[in-house]
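Residue numbering for the sequence shown follows my numbering, starting at 564 and increasing by one per position.
For each residue, glycine too, the CB sits at the ideal point set by N, CA and C.
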Amino acid sequence: MGKRNTARDVTGGILSLGLAGLYIWFLSSFRPSGIYFLMAGAVFLICQYIVFSVFALGKPGHGLGVLLIFLAVATAVLFVGKWWWWPEGISSFAPELDAQFTRTLVVVAVAFIGAQVALGYVVMRYGSRGKERAVYSHGNTKLEVTWTLITAVIFIGTAILGQRVWAQLHLNEAPEGAEKIEVVAQQFQWNFHYSGADKTFGRTEARFINDSSLNYVGLDPADAQGNDDTQVSTLAIPVDRPVELTLKSKDVIHSFFAPALRFKQDAVPGLNIKVHFTAQKVGKYEVTCAELCGQLHYNMKTFMLVLPQNQYEELAAMKEEAFKERLGELLKEYKLPEEQKRANEEQTQTN
Ligand SMILES: [Cu+2]
Numbered sequence: 564m565g566k567r568n569t570a571r572d573v574t575g576g577i578l579s580l581g582l583a584g585l586y587i588w589f590l591s592s593f594r595p596s597g598i599y600f601l602m603a604g605a606v607f608l609i610c611q612y613i614v615f616s617v618f619a620l621g622k623p624g625h626g627l628g629v630l631l632i633f634l635a636v637a638t639a640v641l642f643v644g645k646w647w648w649w650p651e652g653i654s655s656f657a658p659e660l661d662a663q664f665t666r667t668l669v670v671v672a673v674a675f676i677g678a679q680v681a682l683g684y685v686v687m688r689y690g691s692r693g694k695e696r697a698v699y700s701h702g703n704t705k706l707e708v709t710w711t712l713i714t715a716v717i718f719i720g721t722a723i724l725g726q727r728v729w730a731q732l733h734l735n736e737a738p739e740g741a742e743k744i745e746v747v748a749q750q751f752q753w754n755f756h757y758s759g760a761d762k763t764f765g766r767t768e769a770r771f772i773n774d775s776s777l778n779y780v781g782l783d784p785a786d787a788q789g790n791d792d793t794q795v796s797t798l799a800i801p802v803d804r805p806v807e808l809t810l811k812s813k814d815v816i817h818s819f820f821a822p823a824l825r826f827k828q829d830a831v832p833g834l835n836i837k838v839h840f841t842a843q844k845v846g847k848y849e850v851t852c853a854e855l856c857g858q859l860h861y862n863m864k865t866f867m868l869v870l871p872q873n874q875y876e877e878l879a880a881m882k883e884e885a886f887k888e889r890l891g892e893l894l895k896e897y898k899l900p901e902e903q904k905r906a907n908e909e910q911t912q913t914n
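See the structure below:
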């Protein structure tokens, strides 16, 4: 790089940082979502590419190399900054799962940044306008054995570290006295089946399923044990008590995902998949379908109310009509964590 290019380098650097600042300001003040988020990202990248191509290191061929390095670092910054991150964890295993998530992310980040920076460097040094010619190498067995071994140790190591939480959630039986709720997924809604005051589920069968008469789960009208059962589209569970869900699907594969619980499990037609967890904080949380299940998949979402135990017991013992009415009231009463935060902020502002 010649001396006469320094001014160009500095100009390029300042322009690029300015663009990045503008981009971060735009994202944080307008919080664009979906297609607008993608469009803003594309415009930003194109502008950065132009800046790099024209100014970076005073050589047009270097633009791509610098862009690669910049992108790798910018990606890492987005993760470290945690601007788009998990909501607060409310399940007993959330801290362990978050620790495992961070460990995995760090390992992947080291590999990703290392590889992208190396690629950018090679593009700059040996690209079509670089001065040096690349030489062919047939590889180095010792090096390959070394990094394959290192990779294997790291990946198997992280898997062993994480398997305890995994087993606890998916393989172990639910603890004695767990509250049982059946979940029946369908295109495109969640149905939750409660056993009522007798704590015994009425018999269900596919031939009794009738959406127009609101019998989504297929309760057998002839079974007396089902008389006090309730079918609703919002999940209500007690706080600090193990809950066992039985996940079923009527049509295609869906996936029950409650980000605040750090919990995700597929619902597969023909299978009764039992899972269990304990929620530790009262409130209203989001539940969504995490498996692309059809045209209205995006709309397959609902809420989970984590209720104080006495409030839950009261609700769970109610007959269907009263249950639904009370659930509607509770849904209005409780707020999502971000709604609660906003309400608190407004409260402090008016005071
Ligand atoms: Cu779905």
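Assigned exposure category for MET602 - 16 Cβ within 10 Å defines buried: exposed
Burial state of TRP753 (16 or more Cβ within 10 Å): buried
Assigned exposure category for SER700 - 16 Cβ within 10 Å defines buried: exposed
Cβ distance (whole Å) where LEU724 is taken to contact ARG666 below 8 Å: The Cβ separation is near 7 Å, so the contact holds.
Classification of THR841 by the beta-carbon crowding that lies within 10 angstroms, buried from 16 upward: buried
Spatial distance of LEU824 from PHE718 (CA atoms): 25 Å
beta-carbon CYS610 near ligand 1 non-hydrogen atom, thresh 7 Å: no
Per-residue burial, ALA799 [other beta carbons within 10 Å of its own, 16 or more giving buried]: Using a 10 angstroms sphere on the CB of ALA799, the tally of other CB atoms reaches 16 or more, which defines it as buried.
DSSP bridge partner residues for CYS852 (one or two, in chain order): Its beta-bridge partners are PHE819.
Identified DSSP bridge partners for PHE764: For PHE764, which the question treats as bridged, DSSP gives no partner whatsoever.
Continuous alpha helix (DSSP H) assignments of at least 4 residues falling wholly in the region 733-815: none
Span of the beta strand (DSSP E) around LEU870: 864-870
Whole-number beta carbon distance between LEU868 and TYR897, since they are thought to touch under 8 Å: 6 Å
Segment contact flag, the region 797-814 with the region 701-720, C-beta cutoff 8 Å, min 3 pairs: Three or more beta-carbon pairs separated by less than 8 Å are not found between the region 797-814 and the region 701-720, which leaves the two stretches without contact.
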